[in-house]
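Novice:
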Amino acid sequence: YLLIPNKEVALTEVDTDAIYGMQSRVRSLFPVMTEQSDYFSNYKLNLYRAECPLWDNDNAMCSSQGCAVDTLGENEVPNIWKQLSEFEQPSKKNEKECNWEHDSKLDYCYLDEVSSGQECVYVSLVGNPERFTGYSGDHTATIWRTIYEQNCFVIDDDESSQEKSKRDSFYKPGMYPFQLTPKEDDIISVSPSIACQEKRMLNKIISGFHASISSHICENYYDAERNRWTRNLECWLAKVGNYPERIENIFFNYALLHQAFVKIADQLEDMEYNNNTFCPDNLAIDARTKLAFDNLAFQSQQDRKVIMSSKLFSDEESQRFKETFRRHFHDISRIMDCVGCDKCRLWGKLQMTGYGTALKLLLESETHLSDLRPSEIVALVNTFDRIAHSVQSSFWFQLRRRADLSVK
Ligand code: FAD
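In UniProt numbering, the protein residues as written are 17 to 424.
1) Indicate whether Leu63 and Asp358 have their beta-carbon atoms separated by less than 8 Å.
2) From the DSSP output, read off the bridge partner residues of Val139.
3) Report the partner residues of Asp239 according to the DSSP bridge assignment.
4) Rounded C-beta distance between Glu146 and Trp363? I'm assuming under 8 Å.
5) From the DSSP output, in three-state form, read off Gly370 for me.
6) Against chain C, with Cβ distances strictly below 8 Å, would Val170 count as a contact?
7) If you drop the 5 nearest sequence neighbours on each side, which residues of the same chain put their C-beta closer than 7 Å to that of Lys279?
8) Where does Arg342 fall in DSSP's three states?
9) Please confirm whether any heavy atom of ligand 1 lies closer than 7 Å to the CB of Met217.
10) Where Ala240 and Val394 are concerned, what is the direct C-alpha to C-alpha distance, given to the nearest angstrom?
11) In whole angstroms, give me the CA-to-CA distance for Glu382 and Leu122.
12) With Thr156 as the anchor, note down where its alpha helix (DSSP H) starts and where it stops.
13) So what does DSSP say about Glu264, is it helix, strand or coil?
14) Using the three-state DSSP reduction, which class does Leu415 fall into: helix, strand or coil?
15) Let's test the definition: count the other Cβ atoms within 10 Å of the Cβ of Asn219 and tell me whether it reaches 16, buried, or not, exposed.
16) On a CA-only basis, which of Tyr138, Cys78, Lys424 and Asp86 is nearest Ser391? Give me that one, please.
17) Alpha helix (DSSP H) containing Leu249: first to last residue?
18) Asn236 and Phe314 - do their beta-carbons sit closer together than 8 Å?
19) Just how far apart, CA to CA, sit Phe370 and Ala227?
20) Using 8 Å as the threshold, is the C-beta distance between Ile233 and Cys251 below it?
21) Tell me which residues share the same chain as Pro189 and place their Cβ nearer than 8 Å to its Cβ, disregarding the 5 neighbours each side in the sequence.
22) Give every residue of the same chain whose Cβ lies closer than 6 Å to the Cβ of Phe46, excluding the five residues on either side of it in the sequence, and list them in chain order.
23) Taking its Cβ as the centre, do 16 or more other Cβ atoms sit within 10 Å of Gln275, making it buried, or is it exposed?
24) In this structure, how does DSSP classify Pro145 when only helix, strand and coil are distinguished?
25) Spatial neighbours of Ser349 within its chain, please: CB distance less than 8 Å, with the 5 preceding and 5 following residues excluded, ordered by chain position.
26) Considering Cα atoms alone, identify which of Arg161, Asp353 and Val93 is closest to Leu141.
27) For Ile351 and Phe268, I'd like the C-alpha separation in whole angstroms.
28) So what's Asp72 in DSSP terms, helix, strand or just coil?
29) Could you check what DSSP says for Cys360 in three-state terms: helix, strand or coil?
30) For Ser223 versus Ser410, is the C-beta distance shorter than 8 Å?
31) Hey, out of Lys338, Ser120, Arg216 and Cys78, whose CA is closest to Glu264's CA?
32) Using DSSP with H/G/I as helix, E/B as strand and the rest coil, what is Lys215?
33) Within the present structure, is the beta-carbon of Tyr164 separated from the nearest heavy atom of ligand 1 by less than 7 Å?
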């Protein structure tokens, strides 16, 4: 018996078999992009100098070797990223009429490029893989607690009460002094009954994001005793597998990102004929990446049988709630700058940007591929890769568990 979600969950009808089929087809395309292409395998971000809104981050840094990030020296930065950086200069942007200089009011995430372009560093995502780093303890507990208690929504129904009582048993009352933006207005606008499925969506995205991080930790776990990297079933069960709703939320996030790709599928195909999509005149994505991108576009079109069903923010009340939703998501993205482990912060920031980009594509009808900044597109592709991986590992771990049980 596998712990696979197969019931209708709030705003999605997650067809597990379909997702599994899709992710195995799509996954084979990712390594070409996320590992081999200069464009998608690197990222630019403000990793060290962005302000943490919760506390002075100086005391919080993780000294573990596993947390360190190798940044790229000037000579190592791929040409494509150098080109893109040039076009970030305001004067050049105007010259080239880049589409991605657009209204940041539509953003769901705090984006480094917008506020701190000069302080950014370049990193190779391949050289700094997301995996177990040893970062844990009070610091991580406070960050996750801040995210769940201050920035996720309270939903007043049986399912969420069960989740909440589980959380309450973990979180000690009074240990939770941090709050980002004052939420007084939320008390009025966020009553439990308003925009319920939209609130549920935010909670699910965050829980799925957390479960996906946990999956990668357990799939790439450092066994100090044997001095080797390994898959750790106990770790996965304790963090993900024993909580069916967390697996469900991984699938939910897969569905969400997949939908974002479905929305831009036609535009992805056009990229082959339109090198201006990312702004520089000659976008040097190699032929294999283009082929993979084309295949992804083709695959997304094939998989158009939509897995997310409901209309979001459709009535007047939930429309009004959208700004609150956006602010909560934005605040969570800022908390990523409080993460005290460099490598965890890198991947936390990247994936929050990926989810924020998917939300922008899905919830802001006027947003198209050409409106996205390069870092958003790279984050979207890599976040899709990460979540596809987590879907795959949830199957792998469950099969492994079943095999272990049958031996016993
Ligand atoms: P935690 O994962 O810290 O969870 C805290 C509590 O939250 C749990 O006890 C449970 O009550 C609740 N909870 C757990 N999972 C969920 C869920 N999916 N949905 C809802 N509630 C949940 N460590 C690494 O080794 N590598 C990384 O790359 C890494 N990246 C991180 C990125 C961020 C943004 C943060 C905040 C932390 C990161 N960490 C990383 C640390 C890691 O997430 C854990 O905090 C750490 O491994 C300790 O885990 P834990 O078992 O104590 O529970």
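Beta carbons are placed, not taken as given, at the ideal position from N, Cα and C, and that holds for glycine.
Specialist: In brief:
1) As a working mapping, residue 63 is identified with position 47 in the sequence shown. As a working mapping, residue 358 is identified with position 342 in the sequence shown. Yes, Cβ-Cβ distance for Leu63 and Asp358 is below 8 Å.
2) The residue labelled residue 139 in the question sits at position 123 within the sequence shown. Its beta-bridge partners are Tyr59 and Thr87.
3) In the sequence shown, residue 239 corresponds to position 223, counting from 1. Per DSSP, Arg244.
4) As a working mapping, residue 146 is identified with position 130 in the sequence shown. As a working mapping, residue 363 is identified with position 347 in the sequence shown. That belief holds up - the Cβ atoms of Glu146 and Trp363 are roughly 4 Å apart, short of 8 Å.
5) Against the sequence shown, residue 370 aligns to sequence position 354. The answer is helix: DSSP assigns Gly370 an H, G or I state.
6) Chain labels in this structure do not include chain C; a single protein chain is all it has.
7) As a working note, residue 279 is residue 263 in the sequence shown. Hits under 7 Å: Leu377 and Leu378.
8) Here residue 342 refers to the residue found at position 326 when the sequence shown is read from its first residue. Helix, per DSSP.
9) Counted from its first residue, the sequence shown places residue 217 at position 201. Result no, Cβ not under 7 Å from ligand 1.
10) The count along the sequence shown starts at 1 and reaches residue 240 at position 224. The count along the sequence shown starts at 1 and reaches residue 394 at position 378. Approximately 33 Å between the Cα atoms of the pair.
11) Numbered from its first residue, the sequence shown carries residue 382 at position 366. Numbered from its first residue, the sequence shown carries residue 122 at position 106. Spanning the two alpha carbons is a distance of roughly 10 Å.
12) One-based indexing of the sequence shown puts residue 156 at position 140. Unbroken alpha helix (DSSP H) run through Thr156: Asp154 to Arg161.
13) Here residue 264 refers to the residue found at position 248 when the sequence shown is read from its first residue. Three-state result, Glu264: helix.
14) As a first step, residue 415 is located in the sequence shown; it is residue number 399 there, counting from the start. Helix at Leu415.
15) Locating residue 219 in the sequence shown gives position 203, where the first residue counts as 1. Buried: at least 16 other Cβ atoms inside 10 Å.
16) Numbered from its first residue, the sequence shown carries residue 391 at position 375. With distances taken between Cα atoms, Ser391 lies closest to Tyr138.
17) For the purposes of this step, residue 249 is taken as the residue at position 233 of the sequence shown. Counting along the chain, the alpha helix (DSSP H) containing Leu249 begins and ends at Leu249 to Trp252.
18) The residue given as residue 314 occupies position 298 in the sequence shown. The residue given as residue 236 occupies position 220 in the sequence shown. No, these two residues do not count as a Cβ contact at 8 Å.
19) Here residue 370 corresponds to residue number 354 of the sequence shown, with the count starting at 1. Here residue 227 corresponds to residue number 211 of the sequence shown, with the count starting at 1. Inspection of the sequence shows that residue 370 is occupied by Gly rather than by Phe. Straight-line Cα distance between these residues: approximately 16 Å.
20) Position 217 of the sequence shown, counted from the first residue, corresponds to residue 233. Position 235 of the sequence shown, counted from the first residue, corresponds to residue 251. It is a contact, given that the beta carbons lie within the stated cut-off.
21) Locating residue 189 in the sequence shown gives position 173, counting from the first residue. At Pro189 the pLDDT is 30, less than 50, meaning the model places this residue with poor confidence; the figure from the coordinates comes in the next sentence. Excluding residues within five positions, none has a Cβ falling inside 8 Å.
22) Mapped onto the sequence shown, residue 46 falls at position 30. The residues are Asp401.
23) Locating residue 275 in the sequence shown gives position 259, counting from the first residue. With 16 or more Cβ atoms within 10 Å of its Cβ, Gln275 is classed as buried.
24) In the sequence shown, the residue the question calls residue 145 occupies position 129. Note: Pro145 maps to coil in three-state DSSP.
25) As a working mapping, residue 349 is identified with position 333 in the sequence shown. Here the set comprises Tyr124, Cys125, Tyr126, Lys365, Met368, Thr369 and Gly372.
26) Indexing the sequence shown from 1 puts residue 141 at position 125. Out of Arg161, Asp353 and Val93, Val93 has the C-alpha closest to the C-alpha of Leu141.
27) Here residue 351 refers to the residue found at position 335 when the sequence shown is read from its first residue. Here residue 268 refers to the residue found at position 252 when the sequence shown is read from its first residue. Whole-angstrom Cα-Cα distance: 22 Å.
28) By one-based count along the sequence shown, residue 72 stands at place 56. Asp72 falls in the coil class under three-state DSSP.
29) Here residue 360 is taken as the residue at index 344 of the sequence shown, counted from 1. In this structure, Cys360 counts as helix in the three-state DSSP scheme.
30) In the sequence shown, the residue the question calls residue 223 occupies position 207. In the sequence shown, the residue the question calls residue 410 occupies position 394. No, the Cβ-Cβ distance between Ser223 and Ser410 is not below 8 Å.
31) Your numbering for residue 264 matches position 248 in the sequence shown. For the residues Lys338, Ser120, Arg216 and Cys78, the minimum Cα distance to Glu264 belongs to Arg216.
32) For the purposes of this step, residue 215 is identified with residue 199 of the sequence shown, where counting begins at 1. Lys215 falls in the helix class under three-state DSSP.
33) Translated into positions along the sequence shown, residue 164 becomes position 148. Checking every heavy atom of ligand 1 against the Cβ of Tyr164, one is found closer than 7 Å.
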